[in-house]
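Shown next, in structure tokens, is the structure this report addresses.
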Amino acid sequence: MAYDLDQFIADCRATLDRDSGPAGRNEVMKNLERLLKNKDFVDKYCGGDQPTGIKVLYEDPKLGFQVLSHIMGKARVSPPHDHGKSWAIYGQAAEYTDMTEWQREDDGSDPTHARVKPVKTYRLNPGQAGIYQDGAIHSIDYPDNARFVRITGTDLDKIDRIKIDAKTGEIAIMRMTAS
Ligand SMILES: [Fe+2]
């Protein structure tokens with residue numbers, strides 16, 4: 010039987026309950042890649058008939074992690090941003106996402122400005138996932154109709170995150186937005 014959403018969620022619960030650190034998250038990432046190879050899952054939750062937007066497919070009442078589908082419309086390049094005190098795993102379902110990982114070069118003492126430089130860029134194609142640990146800064150660049158599934162350690166709308174203007178270094182706090 011194909012690996013489905015219920016099985017994926019059950020595995021996330023068991024894994025993160027045992028180890029919520031990098032090793033456990035890595036296992037979740039591998040399982041997400043497995044889930045994204047299930048065509049029935051992709052068609053049902055990320056297929057062409059799905060409306061544009063972000064949908065919470067599951068939130069764990071005990072551990073707090075979320076599984077979200079991102080059905081994007083127009084192409085977009087996001088600014089460099091973090092996921093606050095959470096981690097995030099991005100898994101591509103349709104089209105692609107060009108990921109850039111950024112490194113902060115200042116000492117973090119100024120809450121309004123940061124100096125960042127890109128250190129790694131790569132493309133996530135359907136079936137591939139990437140992981141961004143607590144405080145890691147990344148940016149995403151995707152074409153029209155990109156679709157991806159994201160797993161976050163907690164509901165990101167409830168925590169402060171930052172985005173950084175790569176040119177000016179200006180920091181803005183993000184709340185109630187998802188990117
Ligand atoms: Fe992100």
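Quick note: the sequence shown uses my numbering, first residue 10, plus one each step.
Every residue gets a Cβ at the ideal spot worked out from N, C-alpha and C, and that includes glycine.
On a predicted model such as this, the values are computed, not experimentally measured, just so you know.
Excluding the 5 residues preceding and the 5 following residue i in the sequence, name in chain order all residues of the same chain whose CB lies nearer than 7 angstroms to its CB.
{"i": "D95", "result": "For the sequence presented, residue 95 should be read as Ser rather than Asp. So the qualifying residues of the chain are D143, T161, G162, T163, L165, I168."}
{"i": "F157", "result": "H79, Y99, G100, Q101, A102, T106"}
{"i": "S182", "result": "For clarity, residue 182 is Ile in the given sequence; the question names Ser instead. So the list reads D169, I171, once near-sequence residues are dropped."}
Which residue's Cα is closest to the Cα of residue i: the options?
{"i": "I180", "options": "D153, R113, K129, T130", "result": "R113"}
{"i": "S78", "options": "D69, G56, H92", "result": "G56"}
{"i": "Y105", "options": "G93, R85, H92", "result": "R85"}
{"i": "P31", "options": "Q59, Y12, G139", "result": "G139"}
{"i": "I173", "options": "E68, S29, H90, I18", "result": "H90"}
{"i": "A175", "options": "S87, Y151, A155", "result": "S87"}
{"i": "T130", "options": "L14, S118, S148", "result": "S148"}
Please list, in chain order, all residues of the same chain as residue i whose beta carbon is under 6 angstroms from its beta carbon, the five residues on each side excluded.
{"i": "A187", "result": "Residue confidence for A187 is low, a pLDDT of 48 falling below 50, so the modelled location carries little weight; the figure read from the coordinates is stated next. Same-chain partners within the cutoff: I63."}
{"i": "Q59", "result": "I80"}
Which of the three DSSP states, helix, strand or coil, is assigned to residue i?
{"i": "S188", "result": "Per-residue confidence for S188 stands at a pLDDT of 49, beneath the threshold of 50, marking its modelled position as unreliable; the derived number appears in the next sentence. Looking at S188 - three-state DSSP - the assignment turns out to be coil, as it is neither helix nor strand."}
{"i": "Y131", "result": "strand"}
{"i": "Y54", "result": "helix"}
{"i": "Q59", "result": "coil"}
{"i": "I189", "result": "In the structure as shown, the chain starts at 10 and stops at 188, and residue 189 therefore has no counterpart that could be examined."}
{"i": "A138", "result": "strand"}
{"i": "L66", "result": "strand"}
Give me, in chain order, the residues of the same chain whose beta-carbon lies closer than 8 angstroms to that of residue i; leave out the 5 immediate sequence neighbours on both sides.
{"i": "K126", "result": "W111, Q112, E114"}
{"i": "R124", "result": "R113, E114, D115, G178"}
Identify the residues that DSSP records as bridge partners of residue i: which are they?
{"i": "E42", "result": "DSSP lists no partner for E42."}
With respect to 7 angstroms, is the separation between the Cβ of residue i and the closest non-hydrogen atom of ligand 2 below this value?
{"i": "I18", "result": "With respect to ligand 2, the structure shown offers nothing to examine, as its ligands consist of ligand 1."}
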